[in-house]
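Data first, discussion second: the structure below is written as structure tokens.
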Amino acid sequence: MIVPQGLNYLHKSFIGQHGSLTSNVCLIDNRWVLKISGFGLSPFRSEVKVDDEKNYRDFLWMAPEHLRSSHTKKSQKGDVYSFAIVLYELVFKCSPYQSFDLGYEDIITRVHNCRGEPFRPKLHSLKESDTNPAVLSLLALCWAEDPNVRPAFDVIEKTVKTFHSGKTDNIVDSILKKLEKYANNLELVVEQRTEELVEEKRKTDMLLNNILPPFIAEELKAGRKVEPKMYQSATLYFSDIVGFTTLSSESTPMQIVDLLNDLYGAFDDTISKHNVYKVETIGDAYMVVSGLPQVTEHHVVEICNMALDLLGIVKTFKIRHRPEMTLMLRIGIHSGPCAAGVVGHTMPRYCLFGDTVNTASRMESTGEALKIHLSTPARDQLLQFPGYLIELRGPTELKVTGPR
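In structure tokens form, the structure reads like this:
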């Protein structure tokens, strides 16, 4: 630090003292050399009064004995006090008294009055590992209330030199080290932010893949338009809860939310074990498809196995507010051709269209509780696979679509 050396020179010269030392008069030239300015001009300046409002900040560096004096505003001991405030700014990298929520006038008043312990900037907020403890001791000594306790600048200069004993770095080396430290810290920050970004992207992809089929989601993220597609054969599953309207009227909205959340949570865990895709849930209605968008030849088997699993779940499922009640799940299944595509921009949905969708919905609405209602096309395909027990229900009239 070149400040003690410069002030020591001033004090031994005919000028005698600086008189108005602040961090504002410590300048760095184009060679990174610190220069002290603003000295020797006292005869050309008019006296500034302490009660001049706009100049209160200038007195943050002034020694308390000069604040109390109506005549003498400068001395060598006063320069030592001012140096202590400048040193505080360098060590703490902040303005003097910044840790206090006070105006300049209040700060000056407290330093001036000195009732009990002298009012000075806080030292305890600095981590001990961040600086040499001897620096803090020098600070406390240089801004001592008694001017006679403050050391002369030749002593301060020698003390400061001991802080750098064994170090030969010049200013350029010091700057390069700081830049290297900053770059390393920046790399760490970038790495942390990148990890956070990757994690957020993973969560977003997971959410998007729960809303849309994965390959559809990838197409949309890439900005490509997803064209609707016709599938020659797929199997659709529809189910609802018989008596759900009555149950809803006898329950609170939050109880219904808990019921559906518990039920669909169990359903979602189960269907994840099968090669199927959940299209949507509307109220108590649950719609699943197999054979699209991922084509598979065994779509009817996937849906029927899943339906049997879901039927087993509801037989043991307990409703929180009606534990004695058994949910009466009604299931309808139909196989046939189906069109599928993404509909909407703000909130895109993967939707299915065609007579197969309508027929599957009718199979569910005309079915019976705790039974799986198969259409003839679905039954014909399922008969190709052994191990399934199918009972003939007989002709059933479906609205619009005719006998099935």
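Mind the numbering: the sequence shown is residues -11 to 392 in the working numbering, read in order. All C-beta atoms, glycine included, are put in the ideal place defined by N, C-alpha and C. None of these values were measured; they are calculated from a predicted model.
* To do: Have a look at P52 and E133 and give me their C-alpha separation to the nearest angstrom.
  => 7 Å
* Give me the Cα-Cα distance between L362 and R181, rounded to the nearest whole angstrom. => The alpha-carbon atoms of L362 and R181 are separated by roughly 53 Å.
* Mind pulling the alpha helix (DSSP H) runs of 4 or more residues that sit fully within the stretch 242 to 288? -> none
* Asked: What span of residues does the beta strand (DSSP E) with K213 cover, start to end?
  -> Neither: K213 is in no beta strand (DSSP E) and is coded neither H nor E.
* Member of S1, I307, G231 whose CA lies at the smallest distance from the CA of M316 -> The residue among S1, I307, G231 with its C-alpha nearest the C-alpha of M316 is G231.
* Asked: For A132, which of helix, strand or coil comes out of DSSP?
  -> coil
* To do: Note down, in chain order, each residue of its chain lying with its Cβ closer than 8 Å to the Cβ of K146, except the 5 sequence neighbours on either side.
  => none
* How long is the line joining the alpha carbons of L48 and I95, rounded to whole angstroms? -> 8 Å
* Using DSSP with H/G/I as helix, E/B as strand and the rest coil, what is E238? -> coil
* **Limits of the unbroken beta strand (DSSP E) element including K359** => 359 to 362
* chain B beta carbons: is any one of them nearer than 7 Å to that of H287? -> Note that chain B does not occur in the displayed structure, where there is just one protein chain.
* Since I believe L9 is in contact with V74 (beta carbons under 8 Å), could you give me their beta-carbon distance rounded to a whole number of angstroms? => 7 Å
* Asked: What residue does the beta strand (DSSP E) around H322 start on, and which one ends it?
  -> Taken as a continuous stretch (DSSP letters only), the beta strand (DSSP E) holding H322 covers 317 to 331.
* To do: Please classify C82: is it buried, with 16 or more other beta-carbons within 10 angstroms of its beta-carbon, or exposed?
  => Under this definition C82 is an exposed residue.
* Asked: What is the residue span of the alpha helix (DSSP H) that I73 lies within?
  -> Element bounds for I73: 64 to 80.
* Asked: Which residues does DSSP pair with M218 in a beta bridge?
  -> A327
* Could you round the C-beta distance between M294 and T258 to whole angstroms and report it? I think they count as a contact, below 8 Å. => 7 Å
* R56 and Y92 closer than 7 Å at C-beta -> no
* Asked: In the structure shown, what three-state DSSP assignment does I95 receive?
  -> helix
* To do: Grab the span of the beta strand (DSSP E) containing R350 for me, first residue to last.
  => No beta strand (DSSP E) holds R350; the alpha helix (DSSP H) holding it covers 343 to 353.
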